[in-house]
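Undergrad: Line order of the protein sequences matches chains A and B. Counting in this note's numbering, the first sequence runs from 102 upward without gaps. Counting in this note's numbering, the second sequence runs from 102 upward without gaps. Have a look at this one before I ask anything.
2 protein chains.
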Amino acid sequence: MSLKIALAQLNFLVADITANSHKIIQTALRARDELGADICVFSELAITGYPPEDLLFRPDFITQTTLAVADIATQVQGIDVVLGFPEATAEGLYNSAVVLRDGAVLCVYRKNCLPNYGVFDEQRYFKAGHDISLFTVKGVTLALTICEDVWREGMLLKNKQAGANVVLTLNASPFHAGKMQLREAIIQQQVKQAAVPLVYVNQVGGQDELMFDGASFVLDQHGACVMRAAEFAEQLSVVEFINHQPLPTHCAPLYNEVASIYQALVLGVRDYVTKNGFHGALLGLSGGIDSALVLALAVDALGADKVEVVLMPSCYTQDMSSEDAITQAQTMGVRHHVIPIMPAVNAFTEMLAEVFANTAPDTTEENIQARCRGVILMAMSNKQGKILLTTGNKSEMSVGYATLYGDMAGGFAPIKDVPKLLVYALSRYRNSLSPVIPERVIERPPSAELAPDQVDADSLPAYEHLDPILERYIEGDQSAHEIIAAGFKPEDVMRAISLVDRNEYKRRQSPPGIKITTRAFGRDRRFPITSGYRGIDSK
Amino acid sequence: MSLKIALAQLNFLVADITANSHKIIQTALRARDELGADICVFSELAITGYPPEDLLFRPDFITQTTLAVADIATQVQGIDVVLGFPEATAEGLYNSAVVLRDGAVLCVYRKNCLPNYGVFDEQRYFKAGHDISLFTVKGVTLALTICEDVWREGMLLKNKQAGANVVLTLNASPFHAGKMQLREAIIQQQVKQAAVPLVYVNQVGGQDELMFDGASFVLDQHGACVMRAAEFAEQLSVVEFINHQPLPTHCAPLYNEVASIYQALVLGVRDYVTKNGFHGALLGLSGGIDSALVLALAVDALGADKVEVVLMPSCYTQDMSSEDAITQAQTMGVRHHVIPIMPAVNAFTEMLAEVFANTAPDTTEENIQARCRGVILMAMSNKQGKILLTTGNKSEMSVGYATLYGDMAGGFAPIKDVPKLLVYALSRYRNSLSPVIPERVIERPPSAELAPDQVDADSLPAYEHLDPILERYIEGDQSAHEIIAAGFKPEDVMRAISLVDRNEYKRRQSPPGIKITTRAFGRDRRFPITSGYRGIDSK
Numbered sequence: 102m103s104l105k106i107a108l109a110q111l112n113f114l115v116a117d118i119t120a121n122s123h124k125i126i127q128t129a130l131r132a133r134d135e136l137g138a139d140i141c142v143f144s145e146l147a148i149t150g151y152p153p154e155d156l157l158f159r160p161d162f163i164t165q166t167t168l169a170v171a172d173i174a175t176q177v178q179g180i181d182v183v184l185g186f187p188e189a190t191a192e193g194l195y196n197s198a199v200v201l202r203d204g205a206v207l208c209v210y211r212k213n214c215l216p217n218y219g220v221f222d223e224q225r226y227f228k229a230g231h232d233i234s235l236f237t238v239k240g241v242t243l244a245l246t247i248c249e250d251v252w253r254e255g256m257l258l259k260n261k262q263a264g265a266n267v268v269l270t271l272n273a274s275p276f277h278a279g280k281m282q283l284r285e286a287i288i289q290q291q292v293k294q295a296a297v298p299l300v301y302v303n304q305v306g307g308q309d310e311l312m313f314d315g316a317s318f319v320l321d322q323h324g325a326c327v328m329r330a331a332e333f334a335e336q337l338s339v340v341e342f343i344n345h346q347p348l349p350t351h352c353a354p355l356y357n358e359v360a361s362i363y364q365a366l367v368l369g370v371r372d373y374v375t376k377n378g379f380h381g382a383l384l385g386l387s388g389g390i391d392s393a394l395v396l397a398l399a400v401d402a403l404g405a406d407k408v409e410v411v412l413m414p415s416c417y418t419q420d421m422s423s424e425d426a427i428t429q430a431q432t433m434g435v436r437h438h439v440i441p442i443m444p445a446v447n448a449f450t451e452m453l454a455e456v457f458a459n460t461a462p463d464t465t466e467e468n469i470q471a472r473c474r475g476v477i478l479m480a481m482s483n484k485q486g487k488i489l490l491t492t493g494n495k496s497e498m499s500v501g502y503a504t505l506y507g508d509m510a511g512g513f514a515p516i517k518d519v520p521k522l523l524v525y526a527l528s529r530y531r532n533s534l535s536p537v538i539p540e541r542v543i544e545r546p547p548s549a550e551l552a553p554d555q556v557d558a559d560s561l562p563a564y565e566h567l568d569p570i571l572e573r574y575i576e577g578d579q580s581a582h583e584i585i586a587a588g589f590k591p592e593d594v595m596r597a598i599s600l601v602d603r604n605e606y607k608r609r610q611s612p613p614g615i616k617i618t619t620r621a622f623g624r625d626r627r628f629p630i631t632s633g634y635r636g637i638d639s640k
Numbered sequence: 102m103s104l105k106i107a108l109a110q111l112n113f114l115v116a117d118i119t120a121n122s123h124k125i126i127q128t129a130l131r132a133r134d135e136l137g138a139d140i141c142v143f144s145e146l147a148i149t150g151y152p153p154e155d156l157l158f159r160p161d162f163i164t165q166t167t168l169a170v171a172d173i174a175t176q177v178q179g180i181d182v183v184l185g186f187p188e189a190t191a192e193g194l195y196n197s198a199v200v201l202r203d204g205a206v207l208c209v210y211r212k213n214c215l216p217n218y219g220v221f222d223e224q225r226y227f228k229a230g231h232d233i234s235l236f237t238v239k240g241v242t243l244a245l246t247i248c249e250d251v252w253r254e255g256m257l258l259k260n261k262q263a264g265a266n267v268v269l270t271l272n273a274s275p276f277h278a279g280k281m282q283l284r285e286a287i288i289q290q291q292v293k294q295a296a297v298p299l300v301y302v303n304q305v306g307g308q309d310e311l312m313f314d315g316a317s318f319v320l321d322q323h324g325a326c327v328m329r330a331a332e333f334a335e336q337l338s339v340v341e342f343i344n345h346q347p348l349p350t351h352c353a354p355l356y357n358e359v360a361s362i363y364q365a366l367v368l369g370v371r372d373y374v375t376k377n378g379f380h381g382a383l384l385g386l387s388g389g390i391d392s393a394l395v396l397a398l399a400v401d402a403l404g405a406d407k408v409e410v411v412l413m414p415s416c417y418t419q420d421m422s423s424e425d426a427i428t429q430a431q432t433m434g435v436r437h438h439v440i441p442i443m444p445a446v447n448a449f450t451e452m453l454a455e456v457f458a459n460t461a462p463d464t465t466e467e468n469i470q471a472r473c474r475g476v477i478l479m480a481m482s483n484k485q486g487k488i489l490l491t492t493g494n495k496s497e498m499s500v501g502y503a504t505l506y507g508d509m510a511g512g513f514a515p516i517k518d519v520p521k522l523l524v525y526a527l528s529r530y531r532n533s534l535s536p537v538i539p540e541r542v543i544e545r546p547p548s549a550e551l552a553p554d555q556v557d558a559d560s561l562p563a564y565e566h567l568d569p570i571l572e573r574y575i576e577g578d579q580s581a582h583e584i585i586a587a588g589f590k591p592e593d594v595m596r597a598i599s600l601v602d603r604n605e606y607k608r609r610q611s612p613p614g615i616k617i618t619t620r621a622f623g624r625d626r627r628f629p630i631t632s633g634y635r636g637i638d639s640k
């Protein structure tokens with residue numbers, strides 16, 4: 102007996118219930134009519150997109166989603182629709198999956214395992230279900246599970262023992278580098294243990310800080326991958342099961358790590374800009390590598406006609422910086438403007454002369470330059486309705502080597518979670534596809550160009566040392582003692598982690614960016630600003 | 102038989118384990134030596150201060166707290182010390198209370214009810230305990246509970262039935278207007294049901310967005326309040342129990358609602374500024390009511406010598422604005438500077454002339470003025486090490502009537518959660534203590550003074566209508582339909598809520614402020630920026 106299961110890997114706009122339900126209906130009808138599917142499986146909380154956050158507390162929002170699910174049930178007949186939705190009950194809200202068949206609700210499953218760590222706050226919103234849920238199509242018994250459930254030891258086995266021939270899993274599993282490999286490996290393990298085939302449907306697309314990478318897949322009962330959908334793209338696929346076994350079909354190859362991060366960033370920029378309704382994007386192009394990479398990402402995400410750049414030289418800007426910036430802008434075919442900042446800097450210097458009398462120059466004067474650039478960029482953003490992309494990287498965000506309201510100004514920070522060394526790797530990767538970033542930008546020592554002959558290395562440990570220290574401290578929760586024991590110079594470690602500790606206030610006011618590491622700043626790392634913790638004192 | 106229980110209502114710096122444990126030791130010894138107490142009870146997670154957030158994931162931090170608790174046990178003898186600490190176990194972390202007696206751990210209680218709503222994320226960090234915990238001092242059986250536990254129906258009764266003569270509750274219960282009354286009423290109800298006296302010890306002081314109001318209390322078995330500590334101040338008190346019954350002693354009166362909010366804001370400013378190590382504070386004084394109130398708060402919090410103000414008139418600033426600002430600065434005895442902004446505004450206008458050719462003036466030009474002020478204030482803040490206080494109120498934050506990196510610039514936003522009408526009430530209250538805000542500032546129509554003859558009412562519904570609409574929408578989760586049905590004009594409701602929906606991105610980059618309502622922006626209200634939700638479409 103043949104059973105065809107369609108996997109609908111879609112990119113939703115969170116909380117746009119009307120558009121999402123329309124998309125679900127159209128996709129289910131395509132699965133029925135074009136693919137001959139018996140079942141069409143959508144992702145976790147498909148009706149709302151994931152994560153709807155505190156909108157889940159609004160009764161009007163819940164009512165709207167409930168009506169939309171009823172509408173889908175009515176409009177799609179002749180195929181079972183399996184989708185995730187917030188289920189309102191007298192005892193509270195559940196993160197549920199429903200099976201809709203010919204206008205009626207066939208069964209509902211309530212997510213058992215609610216993640217409440219990292220970027221997840223599901224116990225803020227949902228009660229945990231405790232039951233399994235099976236339904237039968239053409240003699241095949243299918244079990245419903247949702248995301249975290251299948252990472253939990255024993256959940257697949259429990260469903261198998263209850264009689265499941267195939268397990269369906271609805272997911273909204275966010276990306277970080279290496280996540281796809283981790284995800285397949287862990288779930289493979291569970292599948293092997295239970296000896297039951299599994300259909301895994303993931304959401305795809307960017308949502309604020311999160312990127313969902315798609316890459317939905319089907320494993321046979323031995324854990325072998327018999328089908329994989331593309332990463333970072335919508336896809337409607339179908340897998341045929343004969344005698345409960347999936348027939349192998351196309352497995353999209355996985356990107357390598359650097360390529361996958363690049364794709365995540367491109368889709369992240371595209372989705373943030375377009376889902377928020379901007380006409381395009383602009384950024385300050387300095388001739389340095391960070392803004393060079395962000396320009397490449399923006400053009401790859403939006404097209405050259407939607408992007409413009411502004412060069413804002415000061416008296417400290419080297420000629421080669423402007424030359425390289427213009428070269429890249431021309432290579433990538435984007436419009437560029439040159440607006441020297443010294444008139445505004447000089448105006449502020451004069452205005453502040455009296456209150457700054459008898460004080461020595463310090464970072465204040467550097468910050469004024471950065472903030473003049475911020476004013477210009479924001480003015481252009483306001484006037485044109487284009488979003489300002491911030492170009493700071495994770496190393497800078499970690500140690501606060503950035504000016505609040507200056508180079509930190511902007512609506513979205515594409516490489517906020519990308520450490521500096523990875524900025525280089527991504528730039529080289531992008532140039533390997535086609536050369537867009539001038540080689541000199543990649544080769545020269547990084548500089549903020551806010552003071553004469555300034556280079557980053559004047560203020561910070563070399564990135565070859567800084568980045569691994571930061572990773573150990575921020576992502577690994579290692580102590581200063583442990584990091585030093587791993588072979589890093591005590592003075593580098595002390596300097597780096599004391600800067601991380603002291604700059605939480607800056608990060609709190611930074612624009613959102615795309616999580617690509619195991620711990621990004623933002624909802625993923627919730628530290629107090631007011632804090633007596635000093636990592637340098639820890640043992 | 103007499104038993105004396107001391108209540109230690111203290112203001113901790115979160116994560117300053119060394120200072121906190123020193124404070125705990127000194128306080129316990131005072132309770133023993135000066136008050137003759139048998140037990141000294143501290144607040145929830147006293148050793149770390151509340152909330153330590155993701156620091157709880159750091160092994161070095163947990164090690165440090167564990168050692169500190171052991172150190173307290175050794176250093177304090179001759180009195181039982183009851184304090185909250187994060188308890189590391191093989192199966193995970195608990196939010197626990199420990200009783201230390203003469204160098205040893207007498208017993209440990211693990212919090213049963215872990216709040217994970219509103220500002221709370223306790224299920225992110227802790228496992229829930231399931232047991233009760235009793236200990237005996239001088240023949241009296243005492244039960245341990247922690248915060249949320251005693252809000253839960255039946256928890257006190259359970260302890261009473263297990264043999265408790267008195268229940269101790271360790272708390273970190275944050276303030277909002279009316280919270281103290283709510284807290285006493287709910288807990289009174291539970292005490293009456295269980296007929297057991299209760300000792301309630303709360304943390305006091307500001308921690309980022311949260312204010313802990315103290316007001317620790319003791320209820321007798323009938324629910325009558327027999328002792329109450331001050332609100333918004335540290336206090337070490339003692340209550341004597343004879344035959345398990347507390348002897349009535351001093352009950353500090355409660356502030357009325359407006360006064361309590363004013364006190365919360367004063368302590369919030371003081372704690373944020375001093376705990377973060379700033380030398381003082383500065384702010385832009387416009388002659389409007391928001392900055393006038395923030396100046397009053399800052400002076401009351403820090404003293405006039407620690408505060409300075411900057412007047413930054415533009416060509417749209419009316420003379421009376423500057424006059425009133427200078428009058429208030431002089432009345433309050435703070436240093437003021439006058440820095441007209443037009444030189445910088447004109448510089449930017451010229452620099453942008455080419456890119457803005459053939460465009461009409463819009464809010465872009467208004468934002469440039471606000472951002473020039475931001476640059477000046479931040480430069481002064483950077484140069485002097487004084488924190489910039491942001492003067493925006495909750496009504497503005499709700500509808501986005503503020504300029505990102507302009508008037509929104511700053512390290513702390515004292516009245517961020519204070520709606521405009523309450524700004525007036527607080528100003529009048531402050532003037533009733535001593536007249537510091539010129540009457541004309543309170544009487545004149547509010548204006549941003551960014552365009553000729555501009556008043557807020559040009560862009561927004563009158564605050565008498567706007568504020569209740571916002572409260573219903575933001576705090577009450579009401580739909581547009583419900584708000585209109587309550588009697589508000591449809592056009593006002595639609596305008597207000599569509600502005601709230603669209604301005605999440607601005608709020609995300611705003612500085613922290615003090616929560617004083619039932620739902621503040623920040624950790625208390627977690628909305629997606631990228632969102633298809635439109636409150637105006639909801640039914």
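The beta-carbon is built from N, C-alpha and C at its ideal position, and this holds for glycine as well.
Report the three-state DSSP secondary structure of F276(A) (helix, strand or coil).
TA: Taking the first residue of the first sequence as position 1, residue 276(A) is located at position 175. F276(A): coil per DSSP, three-state reduction.
Undergrad: Is P275(B) near L398(B), with beta carbons less than 8 Å apart?
TA: Taking the first residue of the second sequence as position 1, residue 275(B) is located at position 174. Taking the first residue of the second sequence as position 1, residue 398(B) is located at position 297. Cβ atoms of P275(B) and L398(B): not closer than 8 Å.
Undergrad: Short check: CB of R253(B) to CB of C214(B), under 8 Å?
TA: Translated into positions along the second sequence, residue 253(B) becomes position 152. Translated into positions along the second sequence, residue 214(B) becomes position 113. Yes, these two residues count as a Cβ contact at 8 Å.
Undergrad: Can you tell me whether A458(A) is buried or exposed, with buried defined as 16 or more other CB within 10 angstroms of its CB?
TA: Mapped onto the first sequence, residue 458(A) falls at position 357. By the neighbour-count rule (16 or more Cβ atoms within 10 Å), A458(A) is not buried but exposed.
Undergrad: Please compile the residues from chain B whose C-beta is within a distance smaller than 8 Å of the C-beta of S580(A).
TA: Walking along the first sequence from the start, residue 580(A) turns up at place 479. Neighbours of S580(A) on chain B, chain order: R159, P160 and D161.
Undergrad: Output the boundary residues of the alpha helix (DSSP H) element that contains C473(A).
TA: Taking the first residue of the first sequence as position 1, residue 473(A) is located at position 372. From DSSP, the alpha helix (DSSP H) with C473(A) extends over T464 to Q485.
Undergrad: Where does L157(A) sit, in a helix, a strand or coil, going by DSSP?
TA: Counted from its first residue, the first sequence places residue 157(A) at position 56. Note: L157(A) maps to helix in three-state DSSP.
Undergrad: I'd like the span of the alpha helix (DSSP H) that includes G369(A), first residue to last.
TA: Counted from its first residue, the first sequence places residue 369(A) at position 268. Segment E358 to K376, the alpha helix (DSSP H) holding G369(A).
Undergrad: I want to see whether chain B comes within less than 8 Å of S632(A), judged by CB atoms only; does it?
TA: If you number the first sequence from 1, residue 632(A) lands on position 531. Chain B contact via Cβ: present.
Undergrad: Cβ of G512(B) less than 8 Å from any chain D Cβ?
TA: Of the protein chains in this structure, namely A and B, none is chain D.
Undergrad: For the alpha helix (DSSP H) that L526(A) lies in, which residues bound it at each end?
TA: Here the question's residue 526(A) lines up with position 425 in the first sequence. The identity of residue 526(A) in the sequence shown is Ala, whereas the question assumes Leu. Its alpha helix (DSSP H) spans residues K521 to L534.
Undergrad: Measuring only the C-alpha atoms, how far is T96(A) from A360(B)?
TA: Shown here, chain A extends from 102 to 640; a query on residue 96(A) therefore has no answer.
Undergrad: Taking the beta carbon of M413(B) as the centre, do at least 16 other beta carbons fall within 10 Å, making it buried, or is it exposed?
TA: Taking the second sequence and counting its residues from 1, the one referred to as residue 413(B) is at position 312. Classification of M413(B): buried, given that the 10 Å Cβ count is 16 or more.
Undergrad: Could you say if the stretch 346-357 of chain B and the stretch 186-203 of chain B meet the contact criterion of at least three C-beta pairs nearer than 8 Å?
TA: Contact fails: fewer than three Cβ-Cβ distances are below 8 Å.
Undergrad: Hey, out of I390(B), Y226(B) and F628(B), whose CA is closest to A526(B)'s CA?
TA: Position 425 of the second sequence, counted from the first residue, corresponds to residue 526(B). For A526(B), the nearest C-alpha among the options comes from I390(B).
Undergrad: At least one CB of chain A closer than 8 Å to the CB of V435(B): is that the case?
TA: Taking the first residue of the second sequence as position 1, residue 435(B) is located at position 334. Not an interface residue.
Undergrad: Since A273(B) contacts F333(B) with CB under 8 Å, what's their CB separation in whole angstroms?
TA: Taking the second sequence and counting its residues from 1, one reaches residue 273(B) at position 172. Taking the second sequence and counting its residues from 1, one reaches residue 333(B) at position 232. That pair is no contact at about 15 Å.
Undergrad: With DSSP run on the structure shown, which of helix, strand or coil describes A107(A)?
TA: Locating residue 107(A) in the first sequence gives position 6, counting from the first residue. Three-state DSSP puts A107(A) in a strand.
Undergrad: Compute the Euclidean distance between the alpha carbons of H437(B) and P462(A), then round it to the nearest angstrom.
TA: For this step, residue 437(B) is matched to residue 336 along the second sequence. For this step, residue 462(A) is matched to residue 361 along the first sequence. About 22 Å.
Undergrad: Checking contacts by CB at 8 Å: is E145(B) closer than that to chain A?
TA: The residue you call residue 145(B) lines up with position 44 of the second sequence. Judged by the 8 Å Cβ criterion, E145(B) is not in contact with chain A.
Undergrad: Compile a chain-ordered list of the residues in the stretch 412-443 of chain B whose CB is closer than 7 Å to at least one CB of chain A.
TA: Within the stretch 412-443 of chain B, the qualifying residues are H438 and I440.
Undergrad: Count Cβ pairs between the stretch 464-473 of chain B and the stretch 546-562 of chain B that sit closer than 8 Å; are there 3 or more?
TA: Yes: the two stretches touch, three or more of their Cβ pairs being nearer than 8 Å.
Undergrad: At which residue ranges does the stretch 584-636 of chain B contain complete alpha helix (DSSP H) runs of 4 or more residues, listed in the order of the chain?
TA: As far as the stretch 584-636 of chain B is concerned, its whole alpha helix (DSSP H) runs of at least 4 residues are 591-603 and 605-609.
Undergrad: Start and end of the alpha helix (DSSP H) containing F449(A)?
TA: One-based indexing of the first sequence puts residue 449(A) at position 348. Per DSSP, F449(A) belongs to the alpha helix (DSSP H) from M443 to M452.
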